[in-house]
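Chains as they are written, first to last, in UniProt numbering: chain A, 1 to 544; chain B, 1 to 544.
Virtual Cβ for every residue (Gly too), placed ideally from N, Cα, C.
The model shown is predicted, which means the values in this text are computed figures rather than measured ones.
Quick look at the structure:
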């Protein structure tokens, strides 16, 4: 248990920058905004948003956050030191960072002499000047600076004196944090420990008369030796107070330190304070949310947050764990928002359902028969491949249905799709026909589209808009498809997620089928239905 | 580099026993035999084969190994101590172990008082007798004994004196190894370190007159805190000389310590001797072999052996790593049998393209006009939403095309798809028609499927298999779909990735279109084409 007196470790998330270097991961600006908001809710103090200037997407991302800022977290812009033999004020790259408008800026510079001469092709002296100038420039514009010492541990191993000089340059220029980076991921915990201790013990860490702010130490690790999390913990034990990492350990090559492992280790095992206890119970959901948004299959065996992390197989084991969870569980799964799973007979997650219902303003308790009914339906659907973590609107519809309160706006009778593609012709046509009933009246509509799902969506809207003119303001803002059992190839089950919006709210719905069109269509239909529900709830609220 | 003078660490593989507890993993006897042989080749000294008696499959496995024994490795039978208040010689469970015929036996017993009273429901005294009796029984039958101290670290934390007594019982009875197990996986490296040191420093570790064999210490860890590998290394640094783990870290919940990470860390980073240098270069292949046999997708981001472990993005980065690999690689990938991969992506420069071409055996230089042509085509396709970092086979086809060397196996003339879904009816039917030409001959084929892509795939194979019988061995092993510009909703562009295999190789192809079916189809078609290309290259190689 953490208390107010637990020493604080500052979390620094770089999912949106270093995490996006992960092979196979790509995100839109919308995706980045959704993830940033979720990290904000999770209580991560620093969120590295990207490198505006190097990447046009990141410029827009920072602008959008100026319009609609995060509640608690500091969004941080990331940038290298100025180029050799230039003037910081004249560097467009640095201008772009100022324009991004974040209070905090992370500057990374070279610690390893080899990189200065081989990659930057400049002198060791000039590199020190680059670090100093860049940090001073941002300080003079009122920014607070975190200094990332790239390749710190390799530099320290090869030329310790020079590596320490780079930190001195950063301190002199006014950096508030020095983050030691194991950029190549080749360092082991005992080496991290020794190096962090040395940095902290060096006189450069002692006050020189009370004028200068004494920077704190951070750690940034990669998983190339399977040591990212262990190295970060070793650094903390040696005195580091900031830990950089990514959700689910996403990152280049073998990934970055996984915050989903770091946070519970620091907070539950080592007694540090990172995020609120209640926020910690959202960790599993946050992990799955991010994996849905970036469209990568979650690691079922992930420590703490994986689906198998608290799975127990039959026999003695199960009865022992039910009598005394301590016998086979190193923490209580609920502390990180995960749950115990008895692999033979699935165990209840009734409290999850109740908690979820509460988020939709529905008060249920364990005695309500519908609560068990919802749980059963949920389990049944989940075994079919549904996953409601990122599809809360579909889950809400499911709850209303169980409570007998699902409004019927329309009924879908069926659909047909026809696609025709002639090789070499760019435009393939898709034709969709839908049949729906509204208030007992059957409507048949057809539409064309540049793809089968677009054609279906258009046909459905044509059929419904006369009854529900508010449909005109709905738009589909995102659409994702994932194949569930990859082994089955194209005959596998498909999960479609559709995000819809009405200009001021957004919601996500889900469909599952072996037929990719049926799955998509189901999600589109529920998206429209939920939008109509929100509209009618808003109207009802206005009347009262 | 390890030399004969490097201290030896004894590897103990439990993939075939603890590894098979992994959710989603199941193996036949044949699978187990194939894996055991591969581990033998890899030079693993101890291979835990299973628990004969508890599992009928394991009985047969040990019998088959008696017929056809391993070359170097010791196969080890695993078993618990006798039940409370029984006589070892009268226990059928222990008889089955003798029948299995292995020279070495691993006996696991309880170290944690809570488990003795809660799970075994017996007295602390009786548990000590169970450990002693069982080991003595096997010793009296000429077996050599490894003692696994289950729940060691929890027992040590809760009742240190009793935990140490259980080890004393094992030593007195003649165990040659004491393996400290973190069964629940909740321990951190500094705790492992302290506990191992204590055990080694205890007087029970000192000679009592030269009569008794002094056991050595082993470590068995689980990954529930993301610490399995770090904990094993911490134990080794504290004096343990045996490390237990599994290939790819397979195991219950979050898995066991991953030998594919442990071995290179111990051998390349810490200077211990585990397996031969040449065997180490087979590590990546062994990892992938085991994942194929157990039919689990390999972790692309796995340290050392993952496909992304030595992947490089971005121009400057790539030219730096080619000039001096040390700058961005913590070891040489070849040391573990992996290879550097130049990832082709948005940031690609000409040097990436050239490096990539080389990996396909195509020598280009900066002056070759086709090199620039490939780069241009690449950038053009990427701006349309193609992404080749995960679709190397499509990139290879693109290169062959630019070089005028793309073989035409077949030509697709067009396709049609028809889907019909009646709401409430579970099975939706999809009908696909394709028209292809092979050697100037047109073929029209139709097929049904449980989804439109499956129907297309089936129709295409029907059309081609008479010309290319090798198609019958191709399978689609994974299929992923991603919507590119989420803003456009269902009218957005779709990117499909298809992974195909022929039993010993895998390759990935890509398709992009606003029509999800056209994108999928394109990837399926290129997947078949690339498979045919591999086949014809293999045939050509055989002829020369």
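Beta-carbon neighbours of residue i, restricted to chain A and to distances below 9 angstroms
i                      : result
residue 272 of chain B : Near residue 272 of chain B there are no residues of chain A at all, since even the closest Cβ is about 12 angstroms away, more than 9 angstroms.
residue 482 of chain B : 26, 295, 480, 481, 482
residue 130 of chain B : Ordered by position in chain A, no residue passes the 9 angstroms Cβ test against residue 130 of chain B, which lies about 16 angstroms from the chain.
residue 343 of chain B : 23
residue 227 of chain B : 229, 230, 233, 261, 265, 303
Bridge-paired residues (DSSP) for residue i
i                      : result
residue 482 of chain A : A/495
residue 445 of chain B : B/434
residue 78 of chain A  : A/106
residue 52 of chain B  : B/55
residue 220 of chain B : B/181, B/244
residue 63 of chain A  : DSSP, once it has assigned bridges, lists no residue as partnering residue 63 of chain A.
residue 331 of chain A : Partner(s): none; residue 331 of chain A has no beta bridge.
residue 126 of chain B : For residue 126 of chain B, which the question treats as bridged, DSSP gives no partner whatsoever.
residue 311 of chain B : B/341
Under 9 angstroms between C-beta atoms of residue i and residue j
i                      : j                      : result
residue 270 of chain A : residue 146 of chain A : no
residue 77 of chain B  : residue 106 of chain B : yes
residue 542 of chain A : residue 409 of chain A : no
residue 177 of chain A : residue 151 of chain A : no
residue 49 of chain A  : residue 80 of chain A  : no
residue 10 of chain A  : residue 335 of chain A : no
residue 230 of chain B : residue 189 of chain A : yes
residue 142 of chain A : residue 149 of chain A : no
residue 420 of chain B : residue 415 of chain A : yes
residue 227 of chain B : residue 255 of chain B : no
residue 191 of chain B : residue 153 of chain B : yes
residue 442 of chain A : residue 413 of chain A : yes
residue 26 of chain A  : residue 482 of chain B : yes
residue 73 of chain B  : residue 43 of chain B  : yes
residue 126 of chain B : residue 84 of chain B  : yes
Given residue i as reference, the closest of the options once Cα atoms are compared
i                      : options                    : result
residue 534 of chain B : B/497, B/544, B/474        : B/474
residue 268 of chain A : A/42, A/307, A/138, A/331  : A/331
residue 30 of chain B  : B/51, B/65, B/159, B/451   : B/65
residue 313 of chain B : B/457, B/398, B/255, B/388 : B/388
residue 301 of chain B : B/286, B/477, B/58, B/248  : B/248
residue 12 of chain A  : A/83, A/129, A/258         : A/258
residue 526 of chain A : A/391, A/160, A/402        : A/391
residue 172 of chain A : A/200, A/154, A/133        : A/133
residue 406 of chain A : A/529, A/281, A/72         : A/529
residue 494 of chain B : B/511, B/507, B/504        : B/511
residue 308 of chain A : B/373, B/5, B/22, B/365    : B/22
residue 240 of chain B : B/277, B/199, B/293        : B/199
residue 367 of chain B : B/430, B/351, B/382, B/323 : B/351
residue 362 of chain A : A/45, A/404, A/384, A/58   : A/404
residue 253 of chain B : B/321, B/225, B/235, B/233 : B/225
residue 359 of chain B : B/349, B/343, B/370, B/477 : B/343
residue 326 of chain A : B/158, B/195, B/236, B/128 : B/158
Neighbour list for residue i in chain A, Cβ cutoff strictly below 7 angstroms
i                      : result
residue 516 of chain B : 451, 452, 453, 516
residue 13 of chain B  : Correct list: empty, because the minimum Cβ distance to chain A is about 17 angstroms.
residue 255 of chain B : 301
Residue i: contacting residues in chain B (beta-carbon distance under 8 angstroms)
i                      : result
residue 310 of chain A : 253
residue 81 of chain A  : By Cβ distance, chain B contributes nothing, its closest Cβ being about 15 angstroms from residue 81 of chain A, past 8 angstroms.
residue 21 of chain A  : 313
residue 118 of chain A : 320, 323, 324, 327
7 angstroms Cβ cut-off: residues of chain B touching residue i
i                      : result
residue 86 of chain A  : The premise fails here: residue 86 of chain A is roughly 17 angstroms from chain B at the closest Cβ pair, so nothing lies under 7 angstroms.
residue 399 of chain A : None at all; the shortest Cβ gap to chain B is about 21 angstroms.
residue 422 of chain A : 414
beta-carbon residue i near the ligand SAH non-hydrogen atom, thresh 8 angstroms
i                      : result
residue 388 of chain B : The ligand SAH is not part of this structure, which contains no ligands at all.
Partners in chain B for residue i, counting only beta-carbon separations shorter than 9 angstroms
i                     : result
residue 67 of chain A : Residues of chain B passing the Cβ test: none, with the nearest at roughly 17 angstroms.
Which parts of the region 363-440 of chain A are runs of the beta strand (DSSP E), unbroken and 3 residues or longer, counting only runs that do not cross its ends?
411-422, 429-438
What runs of the beta strand (DSSP E), each 3 residues or longer, lie entirely inside the region 130-186 of chain B?
When DSSP assignments are scanned along the region 130-186 of chain B, the uninterrupted stretches of beta strand (DSSP E) that are 3 or more residues long and fall wholly within it turn out to be 144-150, 177-182.
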